[in-house]
Amino acid sequence: MTDKILLYYKFQPVADPDAVRLWQRDLCEGLGLTGRIIVSPHGINGTVGGDIRACKTYAKKTREYFHGMEFKWSEGSAADFPKLSVKAREEIVAFGAPDELRVDEHGVVGGGAYLTPQQVNELVAANPEAVLFDGRNAREAEIGRFKGAVVPDVETTHDFIAELDSGKYDWMKDKPVISYCTGGIRCEVLSSLMVNRGFKEVYQLDGGIVRYGEQFGNSGLWEGSLYVFDDRMHTEFGAPDDPDYVQLGHCVHCGAPTNQFYNCANEPACRRQYLSCEACREANPYCKECAER
Ligand SMILES: [Zn+2]
Ligand SMILES: [Zn+2]
Numbered sequence: 001m002t003d004k005i006l007l008y009y010k011f012q013p014v015a016d017p018d019a020v021r022l023w024q025r026d027l028c029e030g031l032g033l034t035g036r037i038i039v040s041p042h043g044i045n046g047t048v049g050g051d052i053r054a055c056k057t058y059a060k061k062t063r064e065y066f067h068g069m070e071f072k073w074s075e076g077s078a079a080d081f082p083k084l085s086v087k088a089r090e091e092i093v094a095f096g097a098p099d100e101l102r103v104d105e106h107g108v109v110g111g112g113a114y115l116t117p118q119q120v121n122e123l124v125a126a127n128p129e130a131v132l133f134d135g136r137n138a139r140e141a142e143i144g145r146f147k148g149a150v151v152p153d154v155e156t157t158h159d160f161i162a163e164l165d166s167g168k169y170d171w172m173k174d175k176p177v178i179s180y181c182t183g184g185i186r187c188e189v190l191s192s193l194m195v196n197r198g199f200k201e202v203y204q205l206d207g208g209i210v211r212y213g214e215q216f217g218n219s220g221l222w223e224g225s226l227y228v229f230d231d232r233m234h235t236e237f238g239a240p241d242d243p244d245y246v247q248l249g250h251c252v253h254c255g256a257p258t259n260q261f262y263n264c265a266n267e268p269a270c271r272r273q274y275l276s277c278e279a280c281r282e283a284n285p286y287c288k289e290c291a292e293r
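Mapping to full-length UniProt numbering: the sequence shown position 191 is 191, numbers consecutive.
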């Protein structure tokens, strides 16, 4: 039995998110798939894992409602997602702007123009004014980001609106801004919020860092590791000993280079994820704040 993981999202109007939630839950249960799925009036966002034939059936059935949805197939197993969680929420990505986001049958209305990885390279090479704008949480960028990227000071996606409204980024409103995130979903929303706030030339990296890495590995504008939301915590492009790979993260305790995040051992009181080298983790399994207390 071969297991696979499916990653996917689609922005399209969903008239009855709760009905879609129930249908998706039954579909996954019937196929023995586990994972996380969120349905909102704007669409669907999910990661499910399980037997490859079950995944194929799931993709086919789900496309009957979410027409033309692209599924990203990834190595992995249902064991990476011990449970099935299917929820109906106000947003498929929690920006805290459910009433601002507009979606029609073509997707998000008024978002940034899509750029392929190649087009990102070309735009950056042709225009020194172009700004790469990290659409993820600042923590994710600690271990990997595009060269010279602007990394907003956000702990969660929810912080973006206040951050954009703070005026800190007004200097880029007349410049070409290329937003990017892991797989592209966050920039679908973020780029539209930027357009709404007067950023005049907004782009988004189609397929996100994942697609960029598949195409250019460590040889392009990307530096470091990619933060991922499963037990691995990070992944790299290219071979483990790729000479082009740059380790950007540092252990919070001793400063040694590392790309490994850990959950603070003081959980659930502390929910921080922090960077640590292996030696410090063994000696002191706490984040800096908890270790100093
Ligand atoms: Zn250390
Ligand atoms: Zn802690």
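Just so it is clear, CB atoms sit at the ideal spot from N, CA and C, and this is done for glycine as well.
Keep in mind that this is a model prediction, so the values were computed, not measured.
When DSSP states are grouped into helix, strand and coil, D3 belongs to the strand group. For F160, the uninterrupted alpha helix (DSSP H) run begins and ends at 160-165, by DSSP.
If one requires a minimum length of 3 residues, the beta strand (DSSP E) runs lying completely within the UniProt domain "Rhodanese" (126-221) are 131-134, 144-146, 176-180, 201-205, in chain order.
As summarised for the stretch 40-83, the continuous alpha helix (DSSP H) elements at least 4 residues long and confined to that stretch are 52-63, given in chain order.
In this structure, the CA atom of S179 is about 6 angstroms from the CA atom of L205.
For N284, the shortest separation between its Cβ and any heavy atom of ligand 2 does not lie below 7 angstroms. Rounded to the nearest whole angstrom, the CA to CA distance from V86 to Y212 is 29 angstroms. Setting aside the 5 residues that flank it on each side, G207 is surrounded in the same chain by G184, each with a C-beta closer than 6 angstroms to its C-beta; the list follows chain order.
Of the candidates T235, R53, E75, the residue whose Cα lies closest to the Cα of S225 is T235. The beta carbon of R139 sits no closer than 7 angstroms to any heavy atom of ligand 2. Per DSSP, the continuous beta strand (DSSP E) segment holding L115 begins and ends at 113-115.
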